[in-house]
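S.K.:
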Amino acid sequence: MSGLKADWQPTCSLDLLRLRAQTLQKIRQFFADRAVLEVETPLLGSAIGTDPQLDFFTTAYHWSPRQQTLFLQTSPEFAMKRLLAAGSGSIYQVCKAFRNGESGRFHNPEFTLLEWYRVGYNLSQLMGEVDELIALLFEGNVLQATQRVSYQSLFQQYTSLNPLVFSYQEYSAYAQGIGLVDAASICGQDHTMWLDFIFSHQIQPYIGNNKLCMVYGYPACMPSLARINENNAAITDRVELFINGVELGNGYFELSDAKEQEQRFDSEIAVRESTKRPAVIKDERLLAALGVGLPDCSGIAIGLDRILMLLSNSPVIDDVLAFSISKA
5 MSGLKADWQP TCSLDLLRLR AQTLQKIRQF FADRAVLEVE TPLLGSAIGT
55 DPQLDFFTTA YHWSPRQQTL FLQTSPEFAM KRLLAAGSGS IYQVCKAFRN
105 GESGRFHNPE FTLLEWYRVG YNLSQLMGEV DELIALLFEG NVLQATQRVS
155 YQSLFQQYTS LNPLVFSYQE YSAYAQGIGL VDAASICGQD HTMWLDFIFS
205 HQIQPYIGNN KLCMVYGYPA CMPSLARINE NNAAITDRVE LFINGVELGN
255 GYFELSDAKE QEQRFDSEIA VRESTKRPAV IKDERLLAAL GVGLPDCSGI
305 AIGLDRILML LSNSPVIDDV LAFSISKA
């Protein structure tokens, strides 16, 4: 007990608690002005996402005589899409999300997401709305004009490599030349891992310098939940957001084809099995909703804790959390 006596205080200052509250008020007013409905969806679910890069928390639900494993959600995306398929119209949510094994300067295993979906919006329209929200939240911080840039042009600008065509020889030679000597052993023949590795080391730290940088047109080998671009099958309708090298959000023109979505789930599950990641249960309810019909829409998730870090010039995420995992 004596060791806890000096450990009960909040991680962040009262001023940053107030900044969080003010930011949430601005967000809610922003969407109220646009008639976007605020919703809540379960944080506990019977299924979970299949992304091979994410780990999750499980809990045992006892309802005598039943016992069921439930998952803390890594994102509210699947449940929100079920609402969209049920006719909710455009919706948003501010909620907690959970990712196991994530801790560090920009990561806490429990964090706050803003996620929203705009029915009838293509990706470019969603990017425009993101720009308006960021301008509101950073009002008085004097960000430079927002930059929209394709993933391919950015990748070639910084590395001279073509991200849409995989060449192990070219990628490994590049990595060796800049001192990333472990890249080949880490990435092997996996195109996606090479792209993530090179992007995180050689591109991300240098983009969004005092401005919002929207990177769109990700390679088709990195589809996640985005549609393949109808004019160029080599890319997806996906965008990521960066300010001062910090990744803030990930958005898509949402995939609505239930068969393709299930194929992607199965492919990711196979990858998880081959790398001995924890087993997942794919979301059959989401697939059923997509089978009924998801309206054309674009959606995005933004990490609010990272927004607060930038707004307050805080070097670590702990500084903007009431209680980080070390004090939870």
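My numbering applies: residue 5 is where the sequence shown begins, and numbers increase by one.
Even for Gly, the Cβ is constructed at its ideal location relative to N, Cα and C.
1) Could you name the residues of the same chain whose beta carbon sits closer than 8 Å to that of K215, not counting the 5 residues immediately before and after it, in chain order?
2) Against chain D, does L298 count as a neighbour if the rule is that its beta carbon must be under 8 Å from one of theirs?
3) Quick one: residues in its chain with C-beta nearer than 7 Å to the C-beta of A326, no 5 flanking neighbours on either side, listed in chain order?
4) Spell out a yes or no on whether the segment 87-99 and the segment 58-71 are touching, meaning 3 or more CB-CB pairs, one atom from each, closer than 8 Å.
5) Quick one: what's got a C-beta closer than 7 Å to D11's C-beta in the same chain, skipping five residues either side?
6) Measuring CA to CA, which of G144, D59, W120, S260 is closest to A230?
7) What does the alpha-carbon distance come out to for the pair P209 and S318?
8) With a cut-off of 8 Å, do at least 3 Cβ pairs link the segment 45-61 to the segment 264-274?
9) By DSSP, does V40 sit in helix, in strand, or in coil?
10) Looking only at its chain, what residues have a beta carbon closer than 7 Å to the beta carbon of Q156, apart from the 5 residues adjacent to it on each side?
11) Flag this pair as touching only if the segment 130-145 and the segment 305-320 have three or more C-beta atom pairs under 8 Å; answer yes or no.
12) Just grab the DSSP bridge partners of Y220 for me.
13) Taking only the alpha-carbon atoms, compute the straight-line gap between F35 and A101 and give it to the nearest angstrom.
14) When we look at the beta-carbon of L79 and count the other beta-carbons within 10 Å, is it buried (16 or more) or exposed?
15) Smallest Cα separation from G23: which of D322, I329, M313?
16) Return the chain-ordered list of same chain residues with a C-beta closer than 6 Å to the C-beta of L41, the five sequence neighbours on each side being excluded.
17) Can you check which of these residues, S154, S328, E44, A51, is closest to F269 by C-alpha distance?
18) Measuring CB to CB, does I207 end up less than 8 Å from F159?
19) In its own chain, which residues sit with a C-beta less than 6 Å from the C-beta of V296, not counting the 5 before and 5 after it?
20) Quick one: Cα of D323 to Cα of L184, how far?
21) Are the segment 113-127 and the segment 280-300 touching, with three or more C-beta to C-beta distances below 8 Å?
22) Leaving out the 5 sequence neighbours to the left and right, which residues in its chain are closer than 8 Å to K280 when beta-carbon positions are compared?
23) Can you tell me the Cα-Cα spacing of V153 and L28, whole angstroms?
24) Let me know the secondary structure DSSP gives H349 once reduced to three states.
25) Just list the beta strand (DSSP E) runs in the segment 84-134, keeping only unbroken ones of 3 residues or longer that don't cross its boundaries, in chain order.
26) Suppose the cutoff is 7 Å on Cβ atoms and the five residues either side in sequence are ignored; what does the same chain contact list for N104 look like?
27) How would you call N235, buried or exposed, if buried means at least 16 neighbouring beta carbons within 10 angstroms?
28) Measure the Cβ-Cβ separation of G49 and Q77 and say whether it is below 8 Å.
29) Residues in the same chain with beta-carbon distance under 6 Å from A238, minus the five sequence neighbours each way, listed in chain order, please.
30) Measure the C-alpha to C-alpha separation of L141 and R242 and round it to an integer number of angstroms.
31) So, with DSSP's three-state summary, where would you put V284?
32) If you measure between the beta carbons of Y175 and L165, is that distance less than 8 Å?
M.R.: On the basis of the coordinates in this document:
1) L147, Q148, A149, T150, Q151, I247
2) The structure shown has no chain D; it contains just one protein chain.
3) P14, T15, C16, L21
4) No contact exists between the segment 87-99 and the segment 58-71.
5) K331
6) S260
7) 17 Å
8) yes
9) The answer is coil: DSSP assigns V40 none of H, G, I, E or B.
10) P167, L168, G221
11) yes
12) Secondary-structure assignment with DSSP links Y220 through a beta bridge to S154, V243.
13) 21 Å
14) Here residue 79 turns out to be Ser, not Leu, going by the sequence shown. Per the 10 Å Cβ criterion, buried.
15) Sequence inspection shows Leu at residue 23; the Gly mentioned does not correspond to that position. The residue with the shortest Cα to Cα distance from L23 is M313.
16) Within the same chain, L41 has close Cβ partners I95.
17) A51
18) yes
19) A89
20) 31 Å
21) yes
22) none
23) 29 Å
24) It is not possible to answer for residue 349, since the shown part of the chain is limited to 5 through 332.
25) 95-102, 114-123
26) D59, F60, F61, P113
27) By the neighbour-count definition (other C-beta atoms within 10 Å, threshold 16), N235 is an exposed residue.
28) Cβ atoms of G49 and Q77: closer than 8 Å.
29) Taken in chain order, the residues that qualify are L168, A224.
30) 23 Å
31) Looking at V284 - three-state DSSP - the assignment turns out to be coil, as it is neither helix nor strand.
32) yes
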